[in-house]
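Numbering (my numbering), first residue to last: 100 to 391.
Beta carbons are placed, not taken as given, at the ideal position from N, Cα and C, and that holds for glycine.
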């Protein structure tokens, strides 16, 4: 027994010495009764050893909690993902859109009749296109039938009519070639820009079927004042060339030469406005806007 007591005393002294150097927690308090009585010295050593082990275990747990405790503020909780917004759709079967569609359908007929020198039929369809262009805009504003598709189809119908008439009149040498190339080049450039912006703003999946689906609007066209003036001048100039056979048939001979001079001056004016309006579409950020 004396050997065992000696070993416990050595362990006790080593632990007390080690704890005195690194431990800074609460002081070890032994029971007063155990210190006063020299009875059961082995029990006192066992009790002291157990207390030291418990304090050491508690200190280690406190140190681990301090190490694992975050030093910085916790990050705010992530916001829940909002559900996907439904695709914007609108009613495309309105009276203004239908009138615009008839202008698109009948535009090739004007070119056919112009090339075949059937000026009467060509003039009739051209007048119909001009009248319906005014009527569909009036109905859309009067009865609140404006639509994003209408803002695209209406200028598209105008440009298709102007393009077909320009090609036909240039083919029969009624319009100079340089002006025809300027008008066609501007319209082709604007068409490519419109399709490019539509493809970029089209929600995925970007398929050809969805690209040509006009019930899914993605961009709207906003022509400026110069573009509207240019469109009006082009329509007057091209309309004058379409109506030229009928006008010259009822005009006195001494008025034919001034009429041709006026057409030449009007030709230069249309060429200038066509070039400038094309530049404004290229460099302006307000002409083609994505739909929000």
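Local Cβ density within 10 Å of residue i, reported as buried at 16 or more and exposed below that
| i | result |
| --- | --- |
| residue 202 | buried |
| residue 380 | buried |
| residue 225 | buried |
| residue 373 | buried |
| residue 63 | Residue 63 lies beyond the stretch modelled for the chain, which goes from 100 to 391, so this question has no answer here. |
| residue 256 | buried |
| residue 221 | buried |
| residue 341 | buried |
| residue 239 | buried |
| residue 337 | buried |
| residue 306 | exposed |
| residue 304 | exposed |
| residue 196 | buried |
| residue 212 | buried |
| residue 322 | buried |
| residue 186 | Since pLDDT at residue 186 reaches only 49, below the 50 mark, its modelled position is unreliable, and no value is offered. |
Cβ shell of residue i (< 6 Å), same chain only, five flanking positions each side left out
| i | result |
| --- | --- |
| residue 206 | 259, 260, 263 |
| residue 199 | 235, 252, 253, 256 |
| residue 210 | 263, 267 |
| residue 208 | 224 |
Cβ separation of residue i and residue j, assumed to be a contact under 8 Å, to the nearest whole Å
| i | j | result |
| --- | --- | --- |
| residue 370 | residue 276 | Wrong, their Cβ atoms sit about 12 Å apart, outside the cutoff. |
| residue 278 | residue 347 | Not a contact, Cβ separation roughly 20 Å. |
| residue 368 | residue 332 | 6 Å |
Cβ shell of residue i (< 7 Å), same chain only, five flanking positions each side left out
| i | result |
| --- | --- |
| residue 218 | 344, 345 |
| residue 274 | 265, 268, 340 |
| residue 194 | 238, 244 |
| residue 214 | 267, 270, 271 |
| residue 350 | 358 |
| residue 241 | none |
Neighbourhood of residue i by C-beta distance below 8 Å, restricted to the same chain and skipping five residues each side
| i | result |
| --- | --- |
| residue 334 | 229, 257, 261 |
| residue 180 | Per-residue confidence for residue 180 stands at a pLDDT of 44, beneath the threshold of 50, marking its modelled position as unreliable; the derived number appears in the next sentence. Same-chain partners within the cutoff: there are none. |
| residue 375 | 325, 329 |
| residue 298 | 305, 310 |
| residue 355 | 347 |
| residue 290 | 258 |
Check: residue i C-beta below 7 Å from any heavy atom of the ligand PLP
| i | result |
| --- | --- |
| residue 254 | For the ligand PLP, the structure offers nothing, since it holds no ligand at all. |
Under 8 Å: do the segment 230 to 240 and the segment 275 to 288 share three or more Cβ pairs, one atom per stretch? No, the segment 230 to 240 does not touch the segment 275 to 288.
Segment contact flag, the segment 362 to 380 with the segment 323 to 330, C-beta cutoff 8 Å, min 3 pairs: Output reads yes: the segment 323 to 330 touches the segment 362 to 380.
Inside the segment 285 to 360 only - beta strand (DSSP E) runs reaching at least 3 residues: As summarised for the segment 285 to 360, the continuous beta strand (DSSP E) elements at least 3 residues long and confined to that stretch are 318 to 320, given in chain order.
List in chain order: all unbroken alpha helix (DSSP H) runs of 4+ residues lying wholly within the segment 222 to 292. Runs of the alpha helix (DSSP H) spanning 4 or more residues and lying entirely within the segment 222 to 292 occur at 247 to 270, in chain order.
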